[in-house]
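Residue numbers (mature numbering (1 follows the signal peptide of the UniProt record, and there is no 0)): -28 to -1, 1 to 401.
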């Protein structure tokens, strides 16, 4: 994947994250707007303690008004009517105001409250059948009768007193008004799922990103190794020279190797690059293998010697594509690598250089007779075949016809060998 596509993927992932977080926040805000309000109730219970025969009164904020109940006070004698899911025909209500004590469960609150209301109860107190705290009851259709819910413990305490024959008076008054936020379970579930999905996508992208980085790094290393191999072969075509007494490099005291900063001395072996810059052979060879350029003028020695090589980016992209096609990240760097992996390097050829200038040739032969190459024989033309393997072929010297454009120099079958044996044109594949 190219850099542009990676950026598009990252931007899309960030946009998706923002949208999902915004939607989750909106859902949470809706949940906050749907907050519930409820009103607590003070319950004042008064009775004569049978053990001490004294009046006992206690007031606690233990009740919660129903959702459809008016938040007004109510008082009366407490009567235990059970679950009140059936008509209270067995109950004889007192002639004074009375309050029905009902246990929660079996039927809904509306039925219980209406049955007690049918007997002119001034209020209905429902005690919880579980240990959970009292909650706001929904009892639509019960009119304006006061209905509250109290805890199970308080309800059983009153039931015990009634079962012992103790008359209990109850006074209900309004307590504190409370507003609490309702947690929207759907919003919580959506945010949780969104977070998990985003984490999975992010993890998958990170794995993919680091695999891509590893692939590019491996392809870059392989490309550098191949460039180094070509550079080693190209260096053998660059002439070397042994400095002797009387040479201009020795006579000029300011002339020194730009790599090691040492002055040239007799018997030093130097390499003369195509740009005419001179360096110690031992100093410049490692540099040329790694950088393939002149340390001073940055001349590309491969291009100067006639090598046509793909750029680093092109070779890297092709190496990555070859690695992806082969399904391996490690590849195979041996000489029997597949042709697909070396397809970028099949384009490396040598082009024919123009015939040397006779005048310059005579000057070079007269002035620098000590110049020599790494090979004793004249350099053969280097040709990289279409399969990526290097072939060396020594061509007969002869007159050449140079065509316009970048086609190189082609030998005519009818050309006769020329007298100048220094001309060594190469063949363009």
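Even glycine gets a Cβ: it sits at the ideal position worked out from N, Cα and C.
Excluding the 5 residues flanking it on each side, residue 204 has same chain C-beta neighbours closer than 7 Å at 261, in chain order. A Cβ-Cβ distance of about 18 Å is found for the pair residue 56 and residue 37, leaving them out of contact under the 8 Å criterion. Apart from the 5 residues on each side of it in sequence, residue 217 sits with its Cβ closer than 8 Å to the Cβ of 238 in its chain, given in chain order. With distances taken between CA atoms, residue 147 lies nearest to 34 out of 184, 229, 34 and 158. If you ignore the 5 residues before and after residue 150, its C-beta comes within less than 8 Å of the C-beta of 9, 10, 11 and 12, all in its own chain and listed in chain order.
By the Cβ criterion, the stretch 95 to 107 is in contact with the stretch 68 to 81, since at least three pairs of Cβ atoms, one from each stretch, lie closer than 8 Å. The C-beta distance from residue 273 to residue 206 rounds to 6 Å, short enough to meet the 8 Å contact threshold. At a cut-off of 3 residues, the continuous stretches assigned as beta strand (DSSP E) that sit fully inside the stretch 77 to 143 are 95 to 99 and 118 to 122.
Around residue 91, the same chain offers 60, 63 and 65 as residues with beta carbons nearer than 7 Å, after the five sequence neighbours per side are excluded. Per DSSP, the continuous beta strand (DSSP E) segment holding residue 47 begins and ends at 46 to 52. DSSP lists no bridge partner for residue -14. Counted as a single uninterrupted DSSP element, the beta strand (DSSP E) harbouring residue 28 occupies residues 27 to 37.
Residue 247 places its beta carbon 7 Å or farther from that of residue 280. Annotation: the continuous beta strand (DSSP E) that includes residue 19 extends over 8 to 20. Distance between residue 39 and residue 83, taken at the CA atoms: about 15 Å. Runs of the beta strand (DSSP E) spanning 3 or more residues and lying entirely within the stretch 205 to 282 occur at 212 to 214, 241 to 244 and 250 to 252, in chain order. In this structure, residue 52 lies away from residue 128, with their beta-carbon atoms at least 7 Å apart. Between residue 241 and residue 202 a beta carbon distance of about 23 Å is seen, past the 8 Å cut, so the two are scored as non-contacting. In this structure, the alpha-carbon of residue 86 lies about 32 Å from that of residue 21.
Relative to residue 142, the option among 32, 16, 28 and -10 whose CA is nearest is 16.
Bridge partners of residue 74 according to DSSP: 98.
Cβ contact annotation for residue 80 (same chain, cutoff 8 Å, sequence separation greater than five): 111, in chain order. Taking the C-beta atoms as reference points, residue 249 is found nearer than 7 Å to residue 266. Cα atoms of residue 158 and residue 107: separation of roughly 22 Å, rounded to the nearest angstrom. Per the coordinates, the alpha-carbon of residue 197 lies some 40 Å from the alpha-carbon of residue 170. At the C-beta level, residue 18 and residue 29 come within 7 Å of one another. Of the residues assessed, residue 48 falls on the buried side of the cut-off, its CB having 16 or more other CB atoms within 10 angstroms.
In the structure shown, residue 151 falls within a strand segment according to DSSP collapsed to helix, strand and coil. In the three-state reduction of the DSSP assignment, residue 158 falls in the helix class, which pools H, G and I. Around the beta carbon of residue 72, 16 or more other beta carbons lie within 10 angstroms, which makes this residue buried. Contact between residue 93 and residue 41 is ruled out by a C-beta separation of about 13 Å, above the 8 Å threshold. Per DSSP, the beta bridge partners of residue 146 are 13. Here residue 109 is buried: its Cβ has 16 or more other Cβ atoms, across all protein chains shown, within 10 Å. With a beta-carbon spacing of about 20 Å, residue 125 and residue 95 fall beyond the 8 Å limit used to define contacts. Residue environment analysis places residue 245 among the buried positions, since at least 16 neighbouring C-beta atoms fall within 10 angstroms of its C-beta. Each residue's CA atom was taken as its position, placing residue 184 and residue 167 some 25 Å apart.
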